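In order, the protein sequence lines correspond to chains A and B. If you read the first sequence in our numbering, its first letter stands for residue 233, the second for the next number, and so on. If you read the second sequence in our numbering, its first letter stands for residue 142, the second for the next number, and so on. For every residue, glycine included, the Cβ atom is placed at its ideal position computed from N, Cα and C. As the structure is a computational prediction, the values presented were derived from the model and not from experiment. Structure first, then comments.
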Amino acid sequence: SSSASAEREEEEDPLIEQVVGGDDDELMSELEAEAHFASFERRFGKAYGDAGERAYRMSVFSANLRRARRHQRLDPTAEHGVTKFSDLTPAEFRDRFLGLRGGGRPNLAGSRDAPILPTDG
Amino acid sequence: LPADFDWREHGAVGPVKDQGSCGSCWSFSTSGALEGAHFLATGKLEVLSEQQMVDCDHECDPSESRACDSGCNGGLMTTAFSYLMKSGGLQTEKDYPYVGRENTCKFDKSKIVAQVKNFSVVSVNEDQIAANLVKHGPLAIGINAAFMQTYIGGVSCPFICGKHLDHGVLLVGYGSAGYTPIRFKDMPYWIIKNSWGENWGEHGYYKICRGPRAHNKCGVDSMVSTVTAIHTKKE
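Take a look at the structure:
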């Protein structure tokens, strides 16, 4: 069910799914995925409670590698890849590390528009 | 306006912090803006407390009842500025250290070191954002963080990026020409301080494209607020 949940979250990313083709040429073998994940664990000091949790995190990690490749294609002027968040689903990432409420509406009563400043010279 | 500007080179930006597994980005954006404003007002960089806001700031936006500052569950920089005006200001990080979870409020008014004089919302106009940045110091901004989970470095300029704002960060400068090898050309960019530690992005920083062709990329120009500080002398 964890794996299905990760796949569902990937499918919920409409911006990316619309424009990216298949990743068949980039599919990793299980051995390669394991090596990548072990390197990620060492680099960021990750430790998981049991083998089941680790297997799930590895599946999320693999999904995030594919996501990073799609981000690289959509954002070619930046570098995308493995980060310390690579074992988190997009929903977990949102819940734990983002926290701007209300979509960022700045309509606070009492606040006022900044005066227009000169920008020439 | 100068072609390039970076408040880090002028001593107005503190060290990169790490919010941990807590949705308190809004408090880091707020403290960063006030650190810069306080530096401009006093000439001294004080590293300010986010935990005070996480624990004590429950200010709501009267026009949006769901938008209340709520520790690790999120908040807004503008409502946080409003809280700081009402409460008196912020203590230092050292006095009220960050622990990454919401606790009971231990705010000590006698230990305030930075006070908000005023705050404003800057229009969605890149020249005005740059002018306010140069004049008033680092700006608290909202951004869509969809591409930030996998970001390692370079100038981010996604072909498509949502404008729904879900992350609070600090705008500290801009550059006129960040070379992008893939496009074989230079691209103007904003310099953004994040709160995910130094081992994320470019030593904790994110670059996102700006200019007419990148207008409001990832909503970066949509919610920009500036703050001014007054000097507080300890008794």
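Check                                                                                                                                                                            : Outcome
Quick one, which of B:Asn340, B:Gly360, B:Ser363, B:Ala318 has its alpha-carbon nearest A:Thr309's?                                                                              : B:Ala318
Please give the ranges of any beta strand (DSSP E) in the segment 162-239 of chain B, keeping only runs that are unbroken, at least 3 residues long and fully inside the region. : 205-209
Measuring alpha carbon to alpha carbon, tell me which of B:Ala255, B:Glu267, B:Ala286 ends up nearest A:Arg326.                                                                  : B:Ala286
Beta-carbon of B:Cys197 versus every beta-carbon of chain A: anything under 8 Å?                                                                                                 : no
Where do the N-terminal and C-terminal ends of the beta strand (DSSP E) with B:Tyr347 fall, by residue?                                                                          : 346-350
So which of A:Arg333, A:Phe272, A:Ala270, A:Glu324 has the shortest CA-CA distance to B:Gly212?                                                                                  : A:Arg333
One question on the structure: do B:Asp196 and B:Leu217 come within less than 8 Å of each other, judged by their Cβ atoms?                                                       : no
Look at B:Gln232 and B:Val254 and say whether their C-beta atoms are less than 8 Å apart.                                                                                        : yes
For B:Met118, which of helix, strand or coil comes out of DSSP?                                                                                                                  : The structure shown does not extend to residue 118 of chain B, since chain B spans only 142 to 376, so no value can be given for it.
Report the partner residues of A:Gly284 according to the DSSP bridge assignment.                                                                                                 : Looking at the DSSP assignment, A:Gly284 forms no beta bridge with any residue, so it has no partner.
State the start and end residues of the unbroken alpha helix (DSSP H) segment that holds B:Phe248.                                                                               : From DSSP, B:Phe248 is part of no alpha helix (DSSP H); its letter is neither H nor E.
Can you name the residues of chain B whose CB is closer than 7 Å to the CB of A:Lys316?                                                                                          : Asn340, Trp341
Does any CB atom of chain A fall closer than 8 Å to the CB of B:Thr291?                                                                                                          : yes
Grab me the residues of B:Tyr346's own chain with a C-beta within less than 7 Å of its C-beta, minus the 5 sequence neighbours each way, in chain order.                         : Ile332, Ile333, Lys334, Asn335
Give the single residue among A:Leu306, A:Thr351, A:Val314 whose Cα lies nearest to the Cα of A:Arg274.                                                                          : A:Val314
Report yes if the CB atom of B:Tyr292 is closer than 8 Å to the CB atom of B:Gly342, and no otherwise.                                                                           : yes
Closer than 9 Å, Cβ to any Cβ of chain B: which residues of the segment 318-331 of chain A, in chain order?                                                                      : Ser318, Leu320, Pro322, Phe325, Arg326, Asp327, Arg328, Phe329, Leu330, Gly331
Does B:His305 come out as helix, strand or coil in the three-state DSSP assignment?                                                                                              : coil
Measure the alpha-carbon distance for B:Val310 versus B:Ile301 and round it to whole angstroms.                                                                                  : 20 Å
Is B:Phe260 helix, strand or coil when you go by DSSP?                                                                                                                           : strand
Going by other Cβ atoms of all chains shown within 10 Å of its Cβ, with 16 needed for buried, is B:Pro279 buried or exposed?                                                     : buried
Which of the three DSSP states is assigned to A:Pro322 in this structure?                                                                                                        : helix
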